[in-house]
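Remarks on the structure that follows.
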Amino acid sequence: MGYMDLMSKVENIELLGGMIKHFATHRGTLDNVFDLEDGFDKTIWMNNCIEKLKKDPDSARMLEERYMGPEYNLDDLIKLPKNSLGYTYAKLMKTMGFEPHFYRSRDRPSLDDLSDYVTMRVRKTHDLYHTISGFNMYIGEVGVIALNVTQYAYPAFMLIDLIAVAAACFPGLAKIPESEKIQSSLVFDTLSKGLKMGREAKSLFPVKFEEMIEMPIEDVRKELKITPIKEGPSWYQYPKLKDEGLS
Numbered sequence: 054m055g056y057m058d059l060m061s062k063v064e065n066i067e068l069l070g071g072m073i074k075h076f077a078t079h080r081g082t083l084d085n086v087f088d089l090e091d092g093f094d095k096t097i098w099m100n101n102c103i104e105k106l107k108k109d110p111d112s113a114r115m116l117e118e119r120y121m122g123p124e125y126n127l128d129d130l131i132k133l134p135k136n137s138l139g140y141t142y143a144k145l146m147k148t149m150g151f152e153p154h155f156y157r158s159r160d161r162p163s164l165d166d167l168s169d170y171v172t173m174r175v176r177k178t179h180d181l182y183h184t185i186s187g188f189n190m191y192i193g194e195v196g197v198i199a200l201n202v203t204q205y206a207y208p209a210f211m212l213i214d215l216i217a218v219a220a221a222c223f224p225g226l227a228k229i230p231e232s233e234k235i236q237s238s239l240v241f242d243t244l245s246k247g248l249k250m251g252r253e254a255k256s257l258f259p260v261k262f263e264e265m266i267e268m269p270i271e272d273v274r275k276e277l278k279i280t281p282i283k284e285g286p287s288w289y290q291y292p293k294l295k296d297e298g299l300s
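Quick note: the sequence shown uses the working numbering, first residue 54, plus one each step.
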């Protein structure tokens, strides 16, 4: 035990440093998270993500199939029963003013390449992860991203969580407006909840949410072994959703 046991961890810093250096050198213009994802396209870190997915039989079949499913229509989904996954997702999205296809597709014109497919599937299902996990779209992002990272190490999300931890540890150095700074304990707590949820849940990448959209959301969660958070950084705390009886 002791410092000698930390040597393997220290050696991994070189790999992490390479990840950050690659991003900083090849990122181009980083206007949003899509540019961040592009920075990791077809890299060793994205290949690692794909290899992790291939080790899970259901995810491997999903990769082979390149399943994307139909686009979501919020106006149609909002007509579903109030306890359904589809209604809950649509209500959350409408309350936040979000669109289902919020993400750009021009950078991934084809899904033939596995890196492109995984990226587009992650983009399409991201807000569904929020819906089933209960994590909100503010500090809850740290949790829902941790859920993803735990299961298949999507590289852009790995870096975002690392940055969130660094910003929490060094708030004075991070370029964050004073009004937007968050207590480090909240970041760490949210991160740990996401990691725990990811470990306990079934593999989420191969889930065809499009085929579960009419199911009661609690049945979906039970099937996926997810216990949502409903306190703290949870969308269940949004006043408009409380008024709708979503609890």
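C-beta atoms are modelled at their ideal positions from N, C-alpha and C, and glycine is treated no differently.
Computed from a predicted model, the values in this text were never measured in an experiment.
With distances taken from CA atoms, which of N126, L164, G247, I282 is nearest I198? Taking the sequence shown and counting its residues from 1, one reaches residue 198 at position 145. Measuring from the Cα of I198, the nearest candidate turns out to be G247.
Can you find the residues in the same chain that come closer than 7 Å, C-beta to C-beta, to G122, ignoring five residues on each side of it along the sequence? Locating residue 122 in the sequence shown gives position 69, where the first residue counts as 1. Within its own chain, the residues whose Cβ lies closer than 7 Å to the Cβ of G122, once the five positions on either side in sequence are excluded, are K261, E263, listed in chain order.
Can you tell me whether DSSP reads S186 as helix, strand or coil? On the sequence shown, residue 186 is found 133 positions in, with the first residue counted as 1. If DSSP states are grouped into helix, strand and coil, S186 belongs with the helices.
With DSSP run on the structure shown, which of helix, strand or coil describes L83? Indexing the sequence shown from 1 puts residue 83 at position 30. Summary for L83: the model assigns pLDDT 41, below 50, so the residue's position carries little reliability; its value from the coordinates is reported in the next sentence. Correct three-state label for L83: coil.
Exposed unless 16 or more other CB atoms sit within 10 angstroms - verdict on E152: Taking the sequence shown and counting its residues from 1, the one referred to as residue 152 is at position 99. E152 is exposed by the Cβ-count criterion.
Quick check on DSSP: helix, strand or coil for P208? Within the sequence shown, the letter at position 155 stands for residue 208. Taken through DSSP and simplified to helix, strand or coil, P208 comes out as helix.
Can you tell me whether R174 is buried or exposed? The criterion is at least 16 other CB atoms within 10 Å of its CB, across all chains shown. By one-based count along the sequence shown, residue 174 stands at place 121. Buried, by the Cβ-count rule.
Per-residue DSSP class, three states only, for S245: Position 192 of the sequence shown holds residue 245. S245 falls in the helix class under three-state DSSP.
For S137, name the three-state secondary structure that DSSP assigns. Indexing the sequence shown from 1 puts residue 137 at position 84. Secondary structure at S137: strand, using DSSP grouped into helix, strand and coil.
Go ahead and pull the three-state DSSP assignment for S237. On the sequence shown, residue 237 is found 184 positions in, with the first residue counted as 1. Helix, per DSSP.
Under three-state DSSP, which class holds S168? Position 115 of the sequence shown, counted from the first residue, corresponds to residue 168. Residue state, collapsed to three classes: helix.
Given this structure, state the Cα-to-Cα distance separating E179 from P281, to the nearest angstrom. Here the question's residue 179 lines up with position 126 in the sequence shown. Here the question's residue 281 lines up with position 228 in the sequence shown. Residue identity check: residue 179 is His in the sequence provided, not Glu. If you take the alpha carbons of H179 and P281, they lie about 15 Å apart.
For S287: DSSP bridge partner residues: Here residue 287 corresponds to residue number 234 of the sequence shown, with the count starting at 1. Answer is F188.
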